[in-house]
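A quick write-up on the structure given underneath.
Numbering (the numbering used here), first residue to last: 12 to 112.
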């Protein structure tokens with residue numbers, strides 16, 4: 012069954028602020044605008060703080076093998092594992108300031 016076409020408010024050419032964009036999309040359903048979307052490539056830079064943490068050779072090699080098998084960088088894998096562990100720890104402590112992104 013095809014969804015009936017709703018009359019929709021045009022998407023602004025630009026939003027003045029991120030808050031303005033969020034408010035627009037909080038009130039509108041993306042599926043009503045789906046035919047206007049197009050595939051894009053994005054280069055997203057997540058701010059990070061480099062830290063040096065010495066690892067035992069065997070641990071480092073094992074992590075590298077797992078990362079390669081999953082087709083992700085060692086850095087990404089370690090960050091994912093640390094975030095999972097921190098979220099679990101925070102849940103047990105009933106406090107968290109880390110968001111699962």
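Here a beta-carbon is modelled for each residue, glycine too, at the ideal position from N, C-alpha and C.
(message) Does residue 12 pass the burial test, meaning 16 or more other C-beta atoms within 10 Å, or should it be called exposed?
(response) For residue 12, the pLDDT reaches just 42, beneath the cut-off of 50, and the residue's location in the model is therefore unreliable, although a value from the coordinates is still provided. Classification of residue 12: exposed, given that the 10 Å Cβ count is below 16.
(message) Would residue 89 and residue 70 qualify as a contact pair, given that the criterion is a beta-carbon distance under 8 Å?
(response) Between residue 89 and residue 70, the C-beta gap is not smaller than 8 Å, which leaves the two residues out of contact.
(request) Give every residue of the same chain whose Cβ lies closer than 7 Å to the Cβ of residue 37, excluding the five residues on either side of it in the sequence, and list them in chain order. (result) none
(request) Please report the Cβ distance between residue 23 and residue 35, rounded to the nearest whole angstrom; I am assuming they are in contact, meaning their Cβ atoms lie under 8 Å. (result) 7 Å
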